[in-house]
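Residue numbers (full-length UniProt numbering): 1 to 431.
Each remark here refers to the structure printed beneath this line.
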Amino acid sequence: MAPPRPVVKPPPQGQRKGWIPRSLADFGGGGAFPEVHVAQYPLGMGRKGQSASQTLALTTDAAGKARHDVIATVGQREGKVVHSTKDALTAKQLSAEQLEKPSDQVAAENSERTRLALEAMVKGKAEGVHGSLERALADKKEPTYIRYQSSSAGGAQASGATNRVIRMVEAPVDPMEPPKFKHKRVPRGPPSPPAPVMHSPPRKITVQDQQDWKIPPCISNWKNLKGYTIPLDKRLAADGRNMQEVQISDNFAKLSESLYVAERSAREEVEKRAHIQKRIAAKEKESKEDELRLLAQRAREEPPTSSETLYDQRLFNQSAGVASGFTGEDDAYNIYDKALFKGGAAAEAIYRPSRSTADDGWSDEAAAMERVSKAARFQPGDRAGDRGFEGAKGGGGGGGGGGRPVEFEQESAADPFGLDEFLSEARASKK
């Protein structure tokens with residue numbers, strides 16, 4: 001059995017000359033010694049943090065393997081979760097109980113706890129906004145009274161009074177007093193370590209990979225100082241338009257659909273309008289038929305003005321209708337008993353040839369021929385009857401000028417270049 005450790009006590013007051021406390025036990029669980037003029041840190045208070053060692057202790061996991069991932073936790077704050085193993089990349093297998101939805105009671109407790117925490121945060125911020133005067137008034141305590149009795153009974157002290165009553169109050173807080181603390185910028189801590197990247201095993205680069213990684217040179221569409229002939233595929237590759245995806249806007253489909261719907265609605269409206277017009281026309285036709293039917297019925301119902309039947313007076317005293325076909329003679333031509341046009345304007349309008357003065361129509365044939373030939377329309381020259389075509393050469397019509405017959409201009413040669421003559425000579429030379 002090990003012997004008990006001796007109890008270390010500091011030397012009594014007055015015997016501490018040359019004594020320096022070097023451990024926490026030298027303080028005896030108390031404070032610093034003012035008569036010892038050295039830097040003292042009772043209970044480790046005020047001691048500045050020593051630089052942490054960069055050497056890590058070798059640790060092992062549950063399987064007994066060395067944990068090399070501890071290096072990733074160096075320089076991180078205490079309690080920070082650092083994912084440094086490959087198990088962090090795999091999905092966790094949770095049981096049905098862990099994935100079960102919490103009950104209403106648990107949800108109500110969580111919401112109430114969250115509400116109280118948020119209220120405390122908001123209340124603290126609101127108090128900070130209102131100022132220190134409100135806090136001072138809210139935290140103000142009642143004054144306390146203390147009876148003080150002096151140990152010395154001399155009349156020179158306190159005007160000879162031995163007892164006094166002291167009223168203890170809190171010092172008032174000036175709301176306009178500037179803050180006594182100072183904000184000090186602390187360097188930001190190290191960020192989170194990067195997530196581990198799982199690399200695939202190295203493999204040999206193929207020609208296809210090299211071609212895929214090849215970046216085409218920049219080819220200008222405006223300048224070609226060297227005058228090189230650049231193929232179209234290289235120009236398009238440098239342009240990068242083969243890498244762009246052509247996206248057709250949905251507004252085209254919406255426009256076509258709206259046009260189709262508008263056309264269909266217009267067709268339906270036109271069809272309805274035509275149907276309505278057809279019904280209106282049918283109703284108008286029925287109304288007109290009803291009106292005509294009523295008029296006819298009214299005319300039939302009305303009594304006649306006279307009981308005698310009216311006949312055409314021209315039919316009386318005529319025996320043609322009765323006597324026709326009863327003569328008994330088939331060879332007789334007596335169908336028409338009188339002339340069709342007998343007197344009146346219609347008979348005068350009929351053309352009748354003029355009769356010759358002689359008894360025989362052919363006796364004066366030479367005189368008739370001479371009279372016809374001497375008519376104005378058969379005479380050549382510029383006469384009243386000889387009217388020419390306006391704008392024609394010669395100003396006369398129906399013949400040439402000066403009583404000559406019509407003259408026609410001879411057409412130009414059909415072969416202006418003499419090809420027919422040249423071909424005929426060539427054929428003759430071959431023969």
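Positions of the beta carbon are idealized from the N, C-alpha and C atoms, including for glycine.
Own chain residues within Cβ distance below 7 Å of Gly141, not counting five before or after: Note that residue 141 is Lys in the sequence shown, not Gly. Answer for Lys141: Glu170, listed in chain order.
Leaving out the 5 sequence neighbours to the left and right, which residues in its chain are closer than 8 Å to Gln93 when beta-carbon positions are compared? none
Let me know the beta strand (DSSP E) ranges lying completely inside the UniProt domain "SKI-interacting protein SKIP SNW" (144 to 302), each 3 residues or longer, listed in chain order. 144 to 149 and 163 to 168
Cβ-heavy atom distance, Leu294 to the ligand NAD, below 7 Å: As presented, the structure is devoid of all ligands, the ligand NAD included, so that no description of it is given.
Endpoints, the alpha helix (DSSP H) within which Met369 is located: Glu365 to Ser373
Pick from His68, Gln13, Ala120 and Leu225 that is closest to Thr85, judged by C-alpha positions: His68
Distance, Cys218 Cα to Gln210 Cα: 19 Å
Per-residue DSSP class, three states only, for Ala66: strand
Rounded straight-line distance, which links the Cα of Pro12 to that of Phe33: 11 Å
Through-space distance from Tyr260 to Asn285, alpha-carbon basis: Reading the sequence as shown, one finds Lys at residue 285 and not Asn. So the two alpha carbons sit approximately 37 Å from each other.
Do Arg16 and Val36 have their CB atoms nearer than 8 Å? yes
Taking the straight line between their C-alpha atoms, what separation do you get for Ile276 and Gln247? 47 Å
So Gly44 packs on Leu24, CB below 8 Å; how close in whole Å? 7 Å
Once you ignore the five residues that flank Thr144 on each side, which residues in its own chain have a CB closer than 7 Å to its CB? Met168
For Val82 and Pro191, which I take to be in contact (beta-carbon distance under 8 Å), what is that distance rounded to the nearest angstrom? That pair is no contact at about 12 Å.
What residues match up with Thr60 in a beta bridge as DSSP calls it? Ala66
Helix, strand or coil for Arg16? Go by DSSP, reduced to three states. coil
Using beta-carbon positions only, say whether Ala195 and Pro216 come within less than 8 Å of one another. no
In angstroms, rounded to a whole number, what distance separates the CA positions of Gly29 and Val8? 11 Å
Residues in its own chain within less than 7 Å of Ile20 by CB, not counting five upstream and five downstream? Val36 and Val38
Could you check how far apart the C-beta atoms of Leu56 and Ile71 are, in whole angstroms? I think they sit under 8 Å. 7 Å
Lys125 in three-state terms, based on DSSP: helix
Taking the alpha-carbon positions, what's the Leu255 to Asn242 distance? 28 Å
According to DSSP, simplified to helix, strand and coil, what is Glu425? helix
I'd like the list of long-range same chain contacts for Ala66, defined as Cβ closer than 8 Å, with 5 residues on each side in sequence excluded. Leu58, Thr59 and Thr60
Taking Cβ positions, are Arg47 and Gly189 nearer each other than 8 Å? no
Looking only at its own chain, which residues have a Cβ that is under 8 Å from the Cβ of Lys234, when we skip the five neighbours before and after it? Pro216 and Ile219
With DSSP run on the structure shown, which of helix, strand or coil describes Gly397? Any reading at Gly397 needs caution, since the residue's pLDDT is 47, under 50, leaving its predicted position unreliable; the model's value is listed next. Three-state DSSP puts Gly397 in coil, outside helix and strand.
Could you name the residues of the same chain whose beta carbon sits closer than 6 Å to that of Ala96, not counting the 5 residues immediately before and after it, in chain order? none
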